[in-house]
Each structure stands twice: as structure tokens, then as C-alpha cells.
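Just so you know, the sequence shown maps onto residues 69 to 416 in the numbering used here. Here's the structure, in C-alpha cells; my notes come after.
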Amino acid sequence: MAAPLELSCWGGGWGLPSVHSESLVVMAYAKFSGAPLKVKVIDNTWRGSRGDVPILTTEDNIVSQPAKILNFLRKQKYNADYELSAKQGADTLAYIALIEEKLLPAVLHTFWVESDNYFSVTRPWFASRIPFPLSLILPGRMSKGALNRILLTRGEPPLYHLREVEAQIYRDAKECLNLLSNRLGTSQFFFGDTPSTLDAYVFGFLAPLYKVRFPKGQLQGHLQRLSNLCRFCDDILHSYFRLSLGGISPAGQETVDANLQKLTQLVNKESNLIEKEHLEKIRESFALYMLKTLEKSTFKVGNQMLYAVGLVSLAVAAFQSPEVELTESSTPGSEPCTLFVAPLLKDG
Numbered sequence: 069m070a071a072p073l074e075l076s077c078w079g080g081g082w083g084l085p086s087v088h089s090e091s092l093v094v095m096a097y098a099k100f101s102g103a104p105l106k107v108k109v110i111d112n113t114w115r116g117s118r119g120d121v122p123i124l125t126t127e128d129n130i131v132s133q134p135a136k137i138l139n140f141l142r143k144q145k146y147n148a149d150y151e152l153s154a155k156q157g158a159d160t161l162a163y164i165a166l167i168e169e170k171l172l173p174a175v176l177h178t179f180w181v182e183s184d185n186y187f188s189v190t191r192p193w194f195a196s197r198i199p200f201p202l203s204l205i206l207p208g209r210m211s212k213g214a215l216n217r218i219l220l221t222r223g224e225p226p227l228y229h230l231r232e233v234e235a236q237i238y239r240d241a242k243e244c245l246n247l248l249s250n251r252l253g254t255s256q257f258f259f260g261d262t263p264s265t266l267d268a269y270v271f272g273f274l275a276p277l278y279k280v281r282f283p284k285g286q287l288q289g290h291l292q293r294l295s296n297l298c299r300f301c302d303d304i305l306h307s308y309f310r311l312s313l314g315g316i317s318p319a320g321q322e323t324v325d326a327n328l329q330k331l332t333q334l335v336n337k338e339s340n341l342i343e344k345e346h347l348e349k350i351r352e353s354f355a356l357y358m359l360k361t362l363e364k365s366t367f368k369v370g371n372q373m374l375y376a377v378g379l380v381s382l383a384v385a386a387f388q389s390p391e392v393e394l395t396e397s398s399t400p401g402s403e404p405c406t407l408f409v410a411p412l413l414k415d416g
């Protein structure tokens, strides 16, 4: 009897078994190869914030990252590429590298960096599945991780600024989608009538982009114009994922999505209120600390006292508004600085 295989991953929505691309890659490959995975939906893991999900657990092994999990499944005789030729195997590796280099940064940006999408869709969806207080921490950490991952691979010269990086990654992603569309053509799968590793990767990265409803989705709009790729995603969902993880059919998913939207809006509203109150307390504590430090210090009367007050006011201003810049009109000891700190001194 084969050892039990348990896959820990993020759950589903919008008719998808998982909204997390890398989790969806492994789930699709398991369906294609016949691997008997038991799916465990996570809701509160610090590993998710570090990008370790999905995680495959057996009696003797714990494996993370899609490529390593797929290799492990192949060693267990669950091989979706058994009928591929050597050339098709090489093409698979080339297209997967293309997807990770050209398409992945744009998918990360769409979900985690584009502010309208993040605050109205991504953040509330993940926050609704993470218990308090982790729901206030993990989505933001995951967003920063996605941005760092984009800048790490695409932020070197000649692309110095985020806007330049954004423009370039979306151009590359659209070019990648065009290449995938041309390669698929009118075929059911990329290498004929049988799905393989490449189909799992393409489905994993395209299906969330295709199905999740974003307020801003320039890449999503481009994908929707490539009808063969949309048909490809729909066929795999219909053939291999007729029931979602919660046992809900795609026909009944619209009602679930409507309820999910109401829930995520409520979670988003409550989280924003809590975060605002938390930041206000931090700011008050910071201002009080700076003023007490000033009172304990000994300064000579005159210009040095005004200089110290100016430093405190600039520090508080910078904390409250990160965009504040030091200019000639706000040099330490000048009138704007003393006027700014005056209400704080009065309240203290």
C-alpha cells in the first residue's frame, strides 16, 4: 500500500480548487499523473508568508516548492510525462523557465502589488482565511515578499524605478501569453491529447489570472482575448476539478463567490479600522517618547534650544508623513518647525 500523500495549500474560490498558482500547479499535476493526494487547506501558517506553500507531507518526507514536489511524485511512479519524447521534455523545461521569468512577475504584481487589486480582492480574501491577529500581518508580509521578488529579478539597470519595472513586466507577460497561445494552437493540451507537466504549470499560473475578478487587470484582459488559453483552463477545470475542495460544483460557485465578496469587504473594513487605531497609538507613543527625551536633556537657552525643538518636530513629522522632505523652509529652528511642535508641547 502506497504511503499517504498530504498536500498543504491555500484554498479555492471563484470556481478554482486553489487561488494560489504554485499550489494549483501541484494539484493539477497530481490529477494528471493519478497521484492520490489528500489536500489540506491551510488557514494560519507562517510558512505561507515565506513562500513555502505548497508542502507535500508523507510518512518519511516533507517536500516544498512545486519543482521538488513534482520530482518526488515522479520518483513514486506518478509521472505525467511518461509518453513525452526527449525533444518534448526539453521544450517543457524551456517553457517552464519562460513562464517563471516572464509571466510570474506580472501575476505577482496583479495579485499583490497593484493597490486596487490588493486592497479589494487579494488582501481581504487571504485575511478572511487567517485567524486574528495573523490576518493583520501575513497579507502585508506576503505583499512585500512579492514586491521584493519582482524587484530582485527585474529591478536592475536600466530599470531603476517601479513604474519602469511594471511596464516592462507586463510587456514581457503579454509576449509570453502570445507564445503560449501560438504553441497550444487548436490542440487540447500542449503535447497532444494527454496533459503533462507543462500543462500543469500553464494551468496553475493562468487559471487564477483568468478566473479571479480584479478591478484592474490589464494582463487579465489580454488573456481573455486569447480564446484558446481560456478554453484550455475551462477544459481542465471541467475534466479534472468538477468539485471544488468544499464539494461545491462550479454551477453553484457564483453564490459562494457573492457571499465571499461580502465577507471579504467586511474583513477589509474591520482590518483597516484596527490598523488605523494601532498606527495612531504608535504615533502618540513615539511623539511622547521624543518629548520626554527632550525634557530630560540639558540644552543652553537660545539657538541650541530651538535647534533641538526643530529636530523633534522633524522627527515627528517624518513619522506621521513619510513623504515629508527637509527643505530650506523647514530647517531646524525655523518658524515652521516651532509652529508644528507647539501643539505637541502644549498637550504634553
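For every residue, glycine included, the Cβ atom is placed at its ideal position computed from N, Cα and C. All figures in this text were calculated on a predicted structure; none of them were measured in a lab.
Rounded straight-line distance, which links the Cα of residue 206 to that of residue 217: Taking the sequence shown and counting its residues from 1, the one referred to as residue 217 is at position 149. Taking the sequence shown and counting its residues from 1, the one referred to as residue 206 is at position 138. Approximately 16 Å between the Cα atoms of the pair.
Integer-rounded CB distance, given that residue 265 should sit under 8 Å from residue 124: The residue labelled residue 124 in the question sits at position 56 within the sequence shown. The residue labelled residue 265 in the question sits at position 197 within the sequence shown. Not quite, the Cβ-Cβ distance comes to about 16 Å (not below 8 Å), so this is no contact.
Assigned exposure category for residue 250 - 16 Cβ within 10 Å defines buried: Taking the sequence shown and counting its residues from 1, one reaches residue 250 at position 182. Residue 250 sits exposed, since fewer than 16 C-beta atoms from the chains shown fall within 10 Å of its C-beta.
Close beta carbons around residue 221, own chain, < 7 Å, minus the five adjacent residues each side: Counting from 1 along the sequence shown, the entry for residue 221 is found at position 153. Within the same chain, residue 221 has close Cβ partners 173.
Own chain residues within Cβ distance below 7 Å of residue 241, not counting five before or after: Locating residue 241 in the sequence shown gives position 173, where the first residue counts as 1. A distance below 7 Å between beta-carbons, with the five flanking residues on each side excluded, links residue 241 to the following residues of its chain, in chain order: 170, 171, 174 and 287.
Residue range of the unbroken alpha helix (DSSP H) whose run includes residue 274: In the sequence shown, residue 274 corresponds to position 206, counting from 1. It spans 265-279 - the alpha helix (DSSP H) in which residue 274 sits, taken as one unbroken run.
Contact the region 282-296 vs the region 92-110: 3+ CB pairs below 8 Å: Touching, no, given that fewer than three Cβ pairs across the two stretches are closer than 8 Å.
C-alpha gap between residue 302 and residue 280, whole angstroms: The residue you call residue 302 lines up with position 234 of the sequence shown. The residue you call residue 280 lines up with position 212 of the sequence shown. Cα to Cα, residue 302 sits roughly 13 Å from residue 280.
DSSP state of residue 123 mapped onto helix, strand, coil: Residue 123 sits at position 55 when you count from the first residue of the sequence shown. In this structure, residue 123 counts as strand in the three-state DSSP scheme.
Host alpha helix (DSSP H) of residue 90 (start-end): The residue labelled residue 90 in the question sits at position 22 within the sequence shown. Start and end: 89-101.
Residue environment, residue 161, which counts as buried when at least 16 other CB atoms sit within 10 Å: Here residue 161 is taken as the residue at index 93 of the sequence shown, counted from 1. Residue 161 comes out exposed.
Reduced DSSP category for residue 384 - H, G, I as helix; E, B as strand; rest coil: One-based indexing of the sequence shown puts residue 384 at position 316. Confidence is the limiting factor: at residue 384 the pLDDT is only 44, short of 50, which leaves the residue's position unreliable, though a coordinate-based value still follows. In the structure shown, residue 384 sits in a helix (DSSP, three-state: H, G or I).
Selected residue, minimal CA-CA separation from residue 126, among 133, 134 and 140: Along the sequence shown, read from residue 1 onward, the residue named residue 126 stands at position 58. Taking each of 133, 134 and 140 in turn and checking the Cα distance to residue 126, the smallest one comes out for 140.
For residue 130, the three-state DSSP class (helix, strand or coil): On the sequence shown, position 62 is the one that residue 130 refers to. Residue state for residue 130 is assigned as strand, using DSSP reduced to three classes.
Residue 153 burial status per 10 Å Cβ neighbour count (16 or more: buried): Sequence index remark: in the sequence shown, residue 153 carries index 85 (1-based). Exposed: under 16 other Cβ atoms inside 10 Å.
Sheet register partners of residue 77 (DSSP bridge): Counting from one through the sequence shown, the residue named residue 77 turns up at place 9. According to DSSP, residue 77 bridges with 109.
Distance, residue 255 Cα to residue 263 Cα: Stepping through the sequence shown from its first residue, residue 263 is reached at position 195. Stepping through the sequence shown from its first residue, residue 255 is reached at position 187. Take the alpha-carbon of residue 263 and the one of residue 255: they are about 11 Å apart.
Local Cβ density within 10 Å of residue 258, reported as buried at 16 or more and exposed below that: Walking along the sequence shown from the start, residue 258 turns up at place 190. Around the Cβ of residue 258, a 10 Å sphere holds 16 or more other Cβ atoms; the residue is buried.
Which of helix, strand or coil DSSP assigns to residue 206: For this step, residue 206 is matched to residue 138 along the sequence shown. In the structure shown, residue 206 sits in a helix (DSSP, three-state: H, G or I).
Nearest-angstrom beta carbon gap, residue 278 and residue 164 [assumed within contact, 8 Å]: Mapped onto the sequence shown, residue 164 falls at position 96. Mapped onto the sequence shown, residue 278 falls at position 210. Your pair residue 164 and residue 278 does not check out as a contact, with CB atoms roughly 19 Å apart and the cut at 8 Å.
Of the listed residues 150, 213, 276 and 294, nearest to residue 305 (C-alpha basis): Start at 1 with the first residue of the sequence shown, and residue 305 comes out as number 237. Measuring C-alpha to C-alpha distances from residue 305 to each of 150, 213, 276 and 294 identifies 276 as the nearest.
Alpha-carbon to alpha-carbon, residue 77 and residue 296: As a working note, residue 296 is residue 228 in the sequence shown. As a working note, residue 77 is residue 9 in the sequence shown. If I take the Cα positions, the gap works out to 28 Å.
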